[in-house]
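Chain order of the listed sequences is A and B. Letter by letter, the first sequence follows residues 1 to 157 in my numbering. Letter by letter, the second sequence follows residues 158 to 803 in my numbering.
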Amino acid sequence: MTTASSCSYITFKLGDELFAIDVVRVREVLDLSEITRVPTAPPYMRGVVNVRGSAVPVVDLRRKFGLPPADDTVHTRILVLELELDGELAVVGGLADSVHEVIELATDQLAEPPRIAMRWRAELIQALGKKGDQFIILLDIARVFASDADLLASAAS
Amino acid sequence: MLAAGYLQTFVDEARELLERIEAGSLALEARPDDREVVHQLFRAFHTLKGSAGVAGVAAIASFTHHVETAMDHVREGRVAVTPALISVVLSAKDHVAALLDAALGGGAVDPTAEPALIGRLAGIAALAGTGAPAVAPVAAPREITDFLITFRPIRTLEVEPADLLDELRTLGQLVVLAGPEAPIWQLLLTTERDERAVRDAFLFVDGSGELEVEAGLRELIADEPGSQPPPGPVAARTIDPSPEATAAPAASPARAAARTDATVRVSSERLDQLVKLIGELVINQSRLHQAAGAHPSAELAGPVEAMARLIGDVRDNVLGLRMVPIGTTFTRYQRLVRDLCGELDKSVELVTEGDDTELDKTVIDQLGDALVHVLRNSMDHGVERPDERVAAGKPARGTIRLAAAHEGTHVVITISDDGRGIDTAAVRRKAEAQGLIQPGELLSEQEAIALVLRPGFSTAAAVTQVSGRGVGMDAVKRTVEGLRGTMSIASERGAGTRIRLTLPLTLAIIDGLLVEIDRDRFVVPMAAVTENLELGRTERAANNRRNLIAVRGELVPYIRLREVFAMPETTDDYEKIVVVSVEGERVGLVVDRVIGSHQTVIQPLGRFYRGVDMFSGTTILGDGRVAMILDLPGTVRTGARHQEAS
């Protein structure tokens with residue numbers, strides 16, 4: 001639910017970093033089920049998964065964000081997202097190391113991301129939030145998925 | 158004004174009349190002596206005017222009256238058929254199309270267009286006053302009456318409504334405003350016969366309903382007692398008018414042979430919905446089949462087999478519904494070429510082949526614009542101006558050939574011209590200037606030609622209004638690839654260019670051979686499979702990296718899919734080779750084992766897998782697992798690249 005001054009976000013972790021996506025984009029969160037691999041696909045594509053009769057592509061977000069590879073655990077989840085890409089509505093899945101709660105962040109709790117010293121390309125990050133001690137990185141999730149290229153800030157230069 | 162349902166029906170009917178008018182006009186331009194076409198055009202405008210009047214769309218009724226008057230002069234022989242006349246008729250057709258859109262609430266109409274057209278039409282009519290007839294009329298002028306028929310069935314009819322409508326069609330041109338599925342039929346009949354003949358058609362249902370036949374037309378008012386708009390988008394319609402029952406000698410044999418097949422118009426959405434349901438039916442049948450296999454039972458075996466067969470038949474039928482002959486789009490291209498000839502001062506004939514070739518409707522819809530662009534490119538950059546052509550020893554009139562044909566599981570569409578061909582030197586220069594290639598980069602002729610398909614490319618010295626900045630060719634390629642097809646260009650300097658589009662026959666459901674590789678499942682399109690063989694370990698080793706196997710006396714190359722998929726080597730002693738035919742060549746695909754046949758819905762891979770050309774989609778298996786569907790041309794290409802690299 002969105003009021004004039006705050007939005008709801010789903011938070012998830014990749015490695016040590018805590019990310020957040022607008023709740024409106026998230027269709028559902030699935031346990032890790034059998035993901036069929038697609039040979040010869042780019043390494044950040046984990047495969048496709050059957051979500052109630054539809055084959056949904058699954059992106060390995062760790063790889064996409066340039067994090068060192070790690071094994072799936074019992075906490076690993078698939079975030080099933082609905083995004084507008086190239087003017088069309090697309091359903092796509094993203095692998096997260098763990099998914100946490102839905103939080104509300106008011107606009108005054110958000111800050112502009114710093115130009116430099118961020119690991120990832122600035123345009124992917126909508127804002128930085130804070131909940132208690134933890135920094136939360138608010139993603140422009142459509143941009144994350146729209147980009148085929150390396151998401152690391154260093155690659156952009 | 159009219160109830161919404163009537164208006165839509167009228168617009169649908171009118172649009173079909175317009176298509177016939179366009180086709181007729183182009184035919185008349187090619188054969189100005191064809192009197193039968195003149196009569197057809199007159200009748201079409203007459204009916205358009207009449208039904209517009211009945212539907213209450215005064216703007217169209219009053220405008221088409223002017224065209225009808227002009228056409229009347231032509232059919233009486235008072236005015237000759239000239240290119241100027243054809244141009245006016247085509248422009249009038251465009252104007253009516255715009256008026257139709259406006260009637261539905263979409264699109265504005267240029268207020269200056271109509272007076273200009275009426276002026277031109279009046280100019281033609283004025284020629285009629287100039288003494289001797291331009292052409293002697295072949296037959297005596299025919300008296301035509303419009304009848305508005307209202308029929309309300311009270312009891313079940315003794316005859317099939319469709320037969321009754323066919324009977325009426327033998328009397329003249331029938332427009333069905335509300336058909337037998339509505340509580341009250343409303344029909345518009347344009348005929349040379351009298352009221353007696355119309356009533357006679359209803360003889361056998363006399364007593365089963367209330368019949369009203371009115372000569373002349375009036376506006377249909379929406380709130381008439383008991384009247385209702387026809388339900389949904391389904392309405393009966395004629396395909397072609399049948400020849401008049403009082404056959405006057407026609408100048409040419411009936412090319413528009415009477416096809417009184419009754420058809421039903423169904424919305425694409427309903428068809429798509431049906432295909433989706435069929436898809437789910439197929440998936441569930443597959444699960445049933447699997448479950449039945451796991452619990453063998455004599456009682457189940459029969460019905461399960463019967464289900465499989467029946468569902469297969471229903472599936473084929475439904476998919477057949479979406480197949481449309483490509484010739485329906487070809488008229489549009491004739492018009493396009495004609496108009497461009499005028500704009501560019503060139504002379505080109507468009508020859509079409511394979512008009513009957515059927516394609517999935519969705520494919521045709523999406524291809525339409527792409528083909529327009531290819532044709533524009535051909536007209537603009539390919540075919541030279543007449544003086545240039547003659548200087549080069551070619552006939553002044555250029556030819557563009559548009560052909561469609563089935564090839565196995567695909568449809569091949571070829572667009573070729575006899576123009577100047579692609580100047581690869583200029584293409585290279587341009588590509589270098591745009592940074593698409595490195596200066597001095599070595600490219601084969603074919604690779605140079607393919608540069609034209611890169612995004613953002615254009616060799617036009619001046620960006621012409623016709624084909625723009627060359628944004629077209631790469632967009633065409635994307636459209637074709639989006640439809641899981643391929644595109645190739647061949648060209649010879651001075652001789653011409655040929656573009657080949659290869660598209661799959663159906664987008665929806667596939668008959669496949671299910672195979673297993675490293676415990677994953679894959680589907681090979683069944684239509685391409687020629688045979689299955691065994692590959693033993695010793696034979697594998699003996700092949701010494703040459704990957705060839707003898708099949709019925711011929712050496713066939715094979716692709717080790719485990720290798721291409723970067724999967725570990727197999728530990729089994731035996732593998733299987735599935736031999737497929739791809740673009741005329743046989744290739745073997747090495748798999749762990751062959752499981753069996755499998756039919757189900759194809760799901761496209763989506764944009765994330767755009768660069769993966771080995772697979773054309775995915776399918777959900779009976780047990781819920783996902784299987785990848787092999788794209789055979791893509792697999793062969795990848796296999797070849799892999800072979801070269803190793």
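All residues carry an ideal CB built from backbone N, CA and C; glycine is no exception.
- With contacts defined as CB atoms closer than 9 Å, residue 559 (chain B) and residue 490 (chain B) qualify as a contacting pair.
- Residue pairing of residue 731 (chain B) in beta bridges, as defined by DSSP: B:693.
- Counting only the Cα atoms, residue 693 (chain B) lies some 9 Å from residue 729 (chain B).
- The continuous beta strand (DSSP E) containing residue 716 (chain B) extends over residues 711-717.
- The DSSP assignment places complete alpha helix (DSSP H) segments of no fewer than 4 residues inside the stretch 295-330 of chain B at 318-326, in order along the chain.
- Interface residue (Cβ-Cβ distance to chain B less than 9 Å): residue 42 (chain A) is classified as such.
- The secondary-structure analysis by DSSP pairs residue 343 (chain B) across a beta bridge with B:307, B:335.
- For the pair of segments examined, the stretch 454-471 of chain B was found not to touch the stretch 497-506 of chain B: the number of CB pairs separated by less than 8 Å stays below three.
- In this structure, residue 189 (chain B) places its C-beta atom within 9 Å of the C-beta atom of residue 237 (chain B).
- By the Cβ rule, the stretch 272-283 of chain B does not count as touching the stretch 342-352 of chain B, because fewer than three pairs are nearer than 8 Å.
- The residue among A:142, A:11, A:39 with its C-alpha nearest the C-alpha of residue 92 (chain A) is A:142.
- Among the residues of chain B, those whose CB is under 9 Å from the CB of residue 54 (chain A) are 760, 777, following chain order.
- No Cβ-Cβ contact shorter than 9 Å links residue 173 (chain B) with residue 247 (chain B).
- Burial state of residue 674 (chain B) is buried, judged by a 10 Å Cβ sphere holding 16 or more other Cβ atoms.
- Membership of residue 487 (chain B) in any beta strand (DSSP E) is not indicated; the residue belongs instead to the alpha helix (DSSP H) covering 484-501.
- Of the other Cβ atoms in all chains shown, fewer than 16 fall within 10 Å of the Cβ of residue 5 (chain A); this residue is therefore exposed.
- Taking 4 residues as the shortest admissible run, the stretch 576-608 of chain B contains the following complete alpha helix (DSSP H) segments, listed from N- to C-terminal end: 581-590, 602-607.
- Under the 8 Å Cβ criterion, the stretch 9-26 of chain A does not count as touching the stretch 731-743 of chain B, having fewer than three qualifying pairs.
- For the C-beta of residue 95 (chain A), not a single chain B residue is nearer than 9 Å; the gap to the nearest is close to 13 Å.
- Between residue 67 (chain A) and the set A:35, A:100, A:120, the nearest pair of CA atoms involves A:120.
- Between residue 661 (chain B) and residue 773 (chain B), the CB-CB gap stays under 9 Å.
- Taken atom to atom, the span from the alpha-carbon of residue 314 (chain B) to that of residue 326 (chain B) is near 19 Å.
- Take residue 431 (chain B), set aside five residues on each side of it, and the residues of its chain with a beta-carbon closer than 6 Å to its own are 475, in chain order.
- With three or more CB-CB distances shorter than 8 Å, the stretch 778-790 of chain B counts as touching the stretch 438-452 of chain B.
- A distance of 9 Å or more separates the beta carbons of residue 546 (chain B) and residue 539 (chain B).
- Residue 36 (chain A) reaches chain B at 677, 678, 775, 782, 783, 784, 785, counting residues in chain order whose Cβ is nearer than 9 Å.
- Within its own chain, the residues whose Cβ lies closer than 6 Å to the Cβ of residue 650 (chain B), once the five positions on either side in sequence are excluded, are 578, listed in chain order.
- If the five residues before and after residue 60 (chain A) are omitted, its C-beta is found closer than 6 Å to the C-beta atoms of 44, 46, 95, all from its own chain and listed in chain order.
- Within 10 angstroms of the beta-carbon of residue 74 (chain A) lie fewer than 16 other beta-carbons, which makes it exposed.
- Residue burial annotation: residue 135 (chain A) is exposed, with fewer than 16 other C-beta atoms found within 10 angstroms of its C-beta.
- Secondary structure in the stretch 17-68 of chain A: the alpha helix (DSSP H) runs of 4 residues or longer, each lying completely within the stretch, are 61-64 in chain order.
- For residue 57 (chain A), the C-beta contacts it makes with chain B under 7 Å involve 763, 765, 766, in order along the chain.
- For residue 769 (chain B), DSSP assigns no beta-bridge partner whatsoever.
- In the three-state DSSP reduction, residue 274 (chain B) falls in the helix class (H, G or I).
- One thing to note: residue 308 (chain B) has its Cβ no nearer than 9 Å to the Cβ of residue 371 (chain B).
- Distance between residue 452 (chain B) and residue 463 (chain B), taken at the CA atoms: about 17 Å.
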